[in-house]
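Here's the structure we're looking at; comments come further down.
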Amino acid sequence: MTLQDIASDISSEVPSDVPSDVPSDILSDISVDAPPDVHSKSSFPATQEFESEALTTQKLWSPSFVALWLGQLICFTGNNVYSLALMWEMKVLTGSTVMMSTVSIATLVPMIVIGPIAGTLVDRWPKRMAMISSDIVRAITITGLTVILATGHLAPWMLIVGAALNSTVGAFYTPANSAVLPILVGRQNLQRANSIAQGTAVMTGMIGPFLGGFLVAQVSMTAAFLANAVAYLASVISLLFVRPNEGAKQNSKFGAKALMMEMKEGLDVIRNIGLLRQLIPVALIANFLLAPFDLILIQFSTNTLHGGAQLYGTIGSCFSAGMLLGAVAAGFAAKKVKKGNLIGSTFVLFGVTMVGMSFSRWVWLVLVLAGLMGLFNMAMNITLMTVIQLQIPQDKMGRVFGAMGTLSQGAQPFAQAFAGFLLDAFAAPVLMLVIAILATADALYGATRRELRAQE
Numbered sequence: 001m002t003l004q005d006i007a008s009d010i011s012s013e014v015p016s017d018v019p020s021d022v023p024s025d026i027l028s029d030i031s032v033d034a035p036p037d038v039h040s041k042s043s044f045p046a047t048q049e050f051e052s053e054a055l056t057t058q059k060l061w062s063p064s065f066v067a068l069w070l071g072q073l074i075c076f077t078g079n080n081v082y083s084l085a086l087m088w089e090m091k092v093l094t095g096s097t098v099m100m101s102t103v104s105i106a107t108l109v110p111m112i113v114i115g116p117i118a119g120t121l122v123d124r125w126p127k128r129m130a131m132i133s134s135d136i137v138r139a140i141t142i143t144g145l146t147v148i149l150a151t152g153h154l155a156p157w158m159l160i161v162g163a164a165l166n167s168t169v170g171a172f173y174t175p176a177n178s179a180v181l182p183i184l185v186g187r188q189n190l191q192r193a194n195s196i197a198q199g200t201a202v203m204t205g206m207i208g209p210f211l212g213g214f215l216v217a218q219v220s221m222t223a224a225f226l227a228n229a230v231a232y233l234a235s236v237i238s239l240l241f242v243r244p245n246e247g248a249k250q251n252s253k254f255g256a257k258a259l260m261m262e263m264k265e266g267l268d269v270i271r272n273i274g275l276l277r278q279l280i281p282v283a284l285i286a287n288f289l290l291a292p293f294d295l296i297l298i299q300f301s302t303n304t305l306h307g308g309a310q311l312y313g314t315i316g317s318c319f320s321a322g323m324l325l326g327a328v329a330a331g332f333a334a335k336k337v338k339k340g341n342l343i344g345s346t347f348v349l350f351g352v353t354m355v356g357m358s359f360s361r362w363v364w365l366v367l368v369l370a371g372l373m374g375l376f377n378m379a380m381n382i383t384l385m386t387v388i389q390l391q392i393p394q395d396k397m398g399r400v401f402g403a404m405g406t407l408s409q410g411a412q413p414f415a416q417a418f419a420g421f422l423l424d425a426f427a428a429p430v431l432m433l434v435i436a437i438l439a440t441a442d443a444l445y446g447a448t449r450r451e452l453r454a455q456e
């Protein structure tokens with residue numbers, strides 16, 4: 001069970017995974033003539049106004065959106081199968097928790113480091129081709145590992161390199177997917193589309209590990225690896241039917257200097273949009289605090305509740321079920337509740353619910369609280385994603401998502417690295433309580449930001 005990162009889909013795989021280990025002086029040194037009024041239509045270029053008006057007429061379940069959704073359904077299921085198989089194979093090869101942690105870090109770091117570059121390049125490229133190319137490269141990588149595994153020559157370092165390569169290529173898929181969604185569904189359908197996309201991610205997060213466990217236990221590890229490669233190829237076929245109307249692309253200069261200038265434009269947008277500028281520090285703190293939650297929950301399930309792996313899995317299932325309900329609730333709430341109030345209140349309730357879990361020693365209550373945490377977490381993330389997508393100029397969306405992924409998730413590797421040491425020194429309920437209190441304080445600070453409360 002993995003917590004949905006606060007604003008991680010800004011990066012997003014859900015990917016994603018998006019939020020700084022970026023020094024504050026980088027942001028402060030960005031020069032702009034005059035910060036625009038983010039509430040004014042004149043804040044962005046005239047082309048953006050035209051695009052915004054054009055994005056109000058699409059229907060939700062268009063053939064292109066259906067094709068994109070099917071591609072995500074297949075791709076995300078394969079990813080979850082492979083994630084289980086990858087960790088299990090590393091466990092079989094080494095028996096080392098350090099090596100398993102190394103795989104996690106190898107997956108996380110490239111997304112953070114490459115994110116701004118990938119997002120900037122995605123703005124230059126057709127979004128669909130960026131996603132297709134990403135899936136093709138990942139299919140080739142996994143196929144290569146599958147062949148090596150089948151011949152009995154797979155080494156631990158190969159799994160680490162493969163994880164890093166997959167993550168690097170996936171850093172291009174995520175901002176492209178986040179940028180193409182508003183084009184396909186229009187502004188009026190965006191929150192519902194995000195609810196569907198996030199609900200699909202949660203559903204595949206429940207199906208994928210089950211399928212992966214079945215393949216590993218009943219068929220073979222090779223079959224589990226191969227399933228992911230086939231899923232990527234099936235996703236490519238589905239994406240061929242996606243037809244986003246992106247308009248004409250402006251000619252972009254090549255070279256490192258031009259690329260850096262475009263990356264700087266993404267940071268300019270973040271700095272000039274008050275909502276993004278205020279929420280990135282909040283997301284950074286939240287993601288840092290919540291990064292080790294899974295490790296804490298393992299110890300909490302085993303040592304505090306005395307339930308072992310089965311209880312841990314059940315808690316994860318309740319959390320995922322809550323996330324599905326949260327996706328549905330966010331879709332219904334889109335036109336009934338002020339978005340700023342919904343984001344702030346669900347964030348605070350998430351932290352308060354975690355405080356309650358840290359004190360609970362009743363299994364049934366922990367399961368209920370896990371479901372509520374999933375509900376609040378997903379409702380918040382979907383609404384936040386929608387608000388942010390509506391704030392960003394369409395032609396700069398890729399680079400902004402890439403930069404936000406780095407800024408808001410940059411501290412997570414450090415949190416993962418220190419989590420093991422903290423769990424050796426403190427009991428799981430104590431750590432959970434401290435994290436919950438700090439997360440609630442962070443949520444209260446974010447909920448009172450003027451730019452967030454102003455979101456209709």
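By full-length UniProt numbering, the letter at position 65 of the sequence shown is numbered 65, and the numbering carries on one by one without gaps. Ideal Cβ positions, reconstructed from N, Cα and C, are used throughout, including at glycine.
Ranked by how close their Cα comes to the Cα of residue 177, the residues 76, 423 and 307 have 76 in first place. By alpha-carbon distance to residue 444, the top candidate from 117, 297 and 286 is 286. Short of 7 Å from the beta carbon of residue 158, and not among the five residues preceding or following it, lie these beta carbons of its own chain, in chain order: 145 and 148. Listed in chain order, the beta strand (DSSP E) runs fully inside the region 148–235 amount to none, counting runs of at least 3 residues. Setting aside the 5 residues that flank it on each side, residue 208 is surrounded in the same chain by 77, 80 and 81, each with a C-beta closer than 6 Å to its C-beta; the list follows chain order.
The three-state secondary structure of residue 349, taken from DSSP, is helix. Rounded to the nearest angstrom, the Cβ distance from residue 111 to residue 405 is 7 Å, consistent with a contact under 8 Å.
The Cβ neighbour count for residue 123, taken over all protein chains shown within 10 Å, is at least 16; the residue is labelled buried.
Distance from the CA atom of residue 204 to the CA atom of residue 72, rounded to whole angstroms, is 9 Å. Secondary structure of residue 301 (DSSP, three-state): helix.
Nearest to residue 321 by C-alpha distance, out of 344, 198 and 437, is 198. Between residue 170 and residue 398, the beta carbon gap of about 14 Å keeps them out of contact (Cβ cut-off 8 Å). Judged by their CB atoms, residue 374 and residue 319 are nearer to each other than the 8 Å cut-off. If you draw a straight line from the Cα of residue 172 to the Cα of residue 415, it comes to about 25 Å. Annotation: residue 164 to residue 138 spans about 11 Å, alpha carbon to alpha carbon. Taken in chain order, the unbroken stretches of alpha helix (DSSP H) that lie wholly in the region 124–150 and span 4 residues or more are 127–150. The continuous alpha helix (DSSP H) containing residue 79 extends over residues 63–94.
In chain order, 442, 445 and 446 place their CB closer than 7 Å to the CB of residue 282, counting only its own chain and leaving out the 5 sequence neighbours on each side.
If you draw a straight line from the Cα of residue 284 to the Cα of residue 439, it is about 11 Å long. With a cutoff of 8 Å on beta-carbon distance, residue 403 and residue 216 are scored as not near each other.
The shortest CA-to-CA distance from residue 65 to any of 186, 151 and 133 is the one to 186. It is roughly 35 Å from the alpha-carbon of residue 436 to the alpha-carbon of residue 263.
With contacts defined as CB atoms closer than 8 Å, residue 181 and residue 62 fail to qualify as a contacting pair.
Less than 8 Å divides the Cβ of residue 367 from the Cβ of residue 314.
In summary, residue 260 is exposed, with fewer than 16 beta-carbon neighbours lying within 10 Å of its beta-carbon over all protein chains present.
From the listed residues 102, 346 and 380, the smallest Cα separation to residue 156 is found for 102. Annotation for residue 446: the continuous alpha helix (DSSP H) segment containing it runs 428–447.
Taking the C-beta atoms as reference points, residue 455 is found nearer than 8 Å to residue 340. Burial check for residue 425: the Cβ neighbour count within 10 Å stays below 16, so the residue is exposed. Counted as a single uninterrupted DSSP element, the alpha helix (DSSP H) harbouring residue 376 occupies residues 363–391. The alpha-carbon of residue 91 is positioned some 7 Å away from that of residue 100.
With contacts defined as CB atoms closer than 8 Å, residue 421 and residue 179 fail to qualify as a contacting pair. Residue 377 places its beta carbon 8 Å or farther from that of residue 359.
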